[in-house]
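Per numbering that gives the first Met the number 0, the sequence shown starts with residue 0, numbered consecutively. Where is the CB? At the ideal position from N, CA and C, for every residue including glycine. Worksheet: the structure to be examined is printed underneath.
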Amino acid sequence: MLSKNLSFVYYSTEGDIIRCMSFDIFLRNIPIRIKTDEVRRYLGEYRGITVVPERINAIIKKLSAISRAFINASASSRAFKIALWSEDGVETEAMSLPGRDISKLLKEASEVIFCATTIGSRLEKKINELLEEKRTLEAMILDAIGSTAADTAMDYLNNLLKAEATRRRLTLTRRYSPGYGDLPLSIQGNLLRASGGDKLGIKVSPSYTLIPKKSVTAVIGVMKI
């Protein structure tokens, strides 16, 4: 488990110290709790319109317990000042963010936090083993569990950043990821370097997908209240 004290210094189970009083955070061994409802959503359940059979719940619970041995969630974030804003994009001290959508999001922001999370590659390997054994249903459910875990890791980081913003009497925009709107996937490499995600072992494929697959990157703006 990770713990924190009132001075906002964070420790992992291995004693990793995260920079205090800063949006620059590096986390290992993030505690992950798999929510069945979220897994069902990834399996296609949608607001009562589509429903995953109840019999699947037992399998989800079983695989959620097993997945703990294959999930090693980590996260990193770094903040940089905005150097130039325009309607077509934003220039930060670390990298460019092209697109009108990200420009609108960051219009009132003074800083940008670049974030990256991953659950590692072990779960992905287990999913591939299940597929090779023709255990397709279990592989599909485990994949949904992995997606839920990756989002949970990002939520965990996001909550720490919100707490730090509140301490500074600031507020944060919603998080925004490459591929949303007109923010191109081609910035993934720069975003990983800016966020410190490359130090977590995350890489980018030639087609701009993240490796390991269960990894997430995001951009968050910092604004005055």
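**OP:** Whole angstroms is fine: what's the gap from residue 181's alpha carbon to residue 63's?
**Re:** 35 Å
Original post:
Helix, strand or coil: which one does DSSP assign to residue 24?
Top reply: In the three-state scheme derived from DSSP, where H, G and I count as helix and E and B as strand, residue 24 is classed as strand.
Original post:
In the DSSP assignment, what are the bridge partners of residue 220?
Top reply: Looking at the DSSP assignment, residue 220 forms a beta bridge with 111.
Original post:
Are the beta-carbon atoms of residue 216 and residue 185 separated by less than 7 Å?
Top reply: Their beta carbons are not under 7 Å apart, which means residue 216 does not touch residue 185 by this criterion.
Subject >> Candidates 144, 207 and 86, of which the one nearest residue 103 by Cα >> reply: Out of 144, 207 and 86, 86 has the C-alpha closest to the C-alpha of residue 103.
Original post:
Among 187, 220 and 154, which one has its Cα closest to the Cα of residue 205?
Top reply: Comparing C-alpha distances from residue 205 to each of 187, 220 and 154 shows the shortest one belongs to 187.
Original post:
How about residue 162 and residue 29: do their beta carbons lie closer than 7 Å?
Top reply: Going by C-beta atoms, residue 162 is not nearer than 7 Å to residue 29.
Original post:
Hey, residue 238 and residue 214 are a contact pair by Cβ (cut 8 Å); roughly how many whole angstroms apart?
Top reply: Only positions 0 to 224 of the chain appear in this structure, which leaves residue 238 out of reach.
**OP:** Please go through the stretch 48–86 and give each complete alpha helix (DSSP H) segment of 4 or more residues, from N-terminal end onward.
**Re:** If we require 4 residues or more, the alpha helix (DSSP H) runs fully inside the stretch 48–86 come out as 55–66.
Subject >> Cβ-Cβ separation, residue 110 to residue 81 (assumed contact under 8 Å), whole Å >> reply: About 7 Å separates the two Cβ atoms, so the contact holds.
**OP:** Run the CB neighbour count on residue 157, radius 10 Å, all protein chains shown included, and call it buried at 16 or more, exposed below.
**Re:** buried
Original post:
Any idea what DSSP makes of residue 170, helix, strand or coil?
Top reply: strand
Original post:
Cβ of residue 31 within 7 Å of Cβ of residue 148?
Top reply: yes
Subject >> Reduced DSSP category for residue 209 - H, G, I as helix; E, B as strand; rest coil >> reply: strand
Subject >> Same chain only: Cβ atoms within 6 Å of residue 141, ignoring 5 sequence neighbours per side >> reply: Answer for residue 141: 62 and 126, listed in chain order.
Original post:
Cβ of residue 194 within 7 Å of Cβ of residue 76?
Top reply: yes
**OP:** Assign residue 52 to one of two classes, buried (16 or more other C-beta atoms within 10 Å of its C-beta) or exposed (fewer than that).
**Re:** exposed
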